[in-house]
Amino acid sequence: MNQPLSDDTARERRIIVIVPDEPGSLAHVTQVLAEGEINIEAIDGRLVGDLGVITLRTSDDDAALHALLKADLRAVTSDAVVFYLPDRPGALARVAQRFGQHQVNVRTIHILHRLAEHAIVAVTTDDNDLAHSLLDSDSLL
220 MNQPLSDDTA RERRIIVIVP DEPGSLAHVT QVLAEGEINI EAIDGRLVGD
270 LGVITLRTSD DDAALHALLK ADLRAVTSDA VVFYLPDRPG ALARVAQRFG
320 QHQVNVRTIH ILHRLAEHAI VAVTTDDNDL AHSLLDSDSL L
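Heads up: take any position in the sequence shown, counting from 1, add 219, and you land on my numbering.
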């Protein structure tokens, strides 16, 4: 059985869903999973600007991710390192340069959402543990 979410388990497989900070967003996510007969085993939520970030572990992560994406929700698996950074020229370049200096190869990158002053970014790398350690802990989601 999965353990509760915490900073110590931040790199375990999980699903991260980005939703608007508005009534009904959590209900929509949980209803999509319920309709797919997917059990939520752990859940955590927080606000980042005007967005909600919902972190889940489920009874079937692949089916959950598929159902969420089919419902037009923004979701990624924790195979990705998810972080936010200032939405201004050069911010992503600095992260990419830091990864390169430490021989971390980025396999995929997605800007999940842009807020007024920040962007939420998900990357998969050849060494997610090292990538995670290279980021400022305040920027990790």
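Beta carbons are placed, not taken as given, at the ideal position from N, Cα and C, and that holds for glycine. Model, not experiment: these values are computed from the prediction.
- Shown here, H337 sits in a strand according to DSSP, grouped into three states.
- Three or more pairs of CB atoms, one per stretch, sit closer than 8 Å, so the segment 280 to 289 contacts the segment 245 to 252.
- Note that the C-beta distance between A335 and D306 is below 9 Å.
- Around the beta-carbon of H332, 16 or more other beta-carbon atoms lie within 10 Å, marking it buried.
- Taking C-beta atoms as the reference points, R233 and T327 fail to come closer than 9 Å.
- Annotation: R317 to I235 spans about 24 Å, alpha carbon to alpha carbon.
- Sequence-distant Cβ neighbours of V238 in its own chain, meaning closer than 6 Å and more than five residues away, are S244 and G271.
- Annotation for V301: no alpha helix (DSSP H) segment contains it, though the beta strand (DSSP E) segment containing it runs V300 to P305.
- Contact between A341 and H329 holds: their C-beta atoms lie close to 5 Å from each other, under 8 Å.
- Short of 6 Å from the beta carbon of N258, and not among the five residues preceding or following it, lie these beta carbons of its own chain, in chain order: S278.
- Bounds of the beta strand (DSSP E) holding V238 are I234 to P239.
- A294 counts as buried, since at least 16 other C-beta atoms from the protein chains shown sit within 10 angstroms of its C-beta.
- In this structure, DSSP gives E260 an extended state, which the three-state scheme calls strand.
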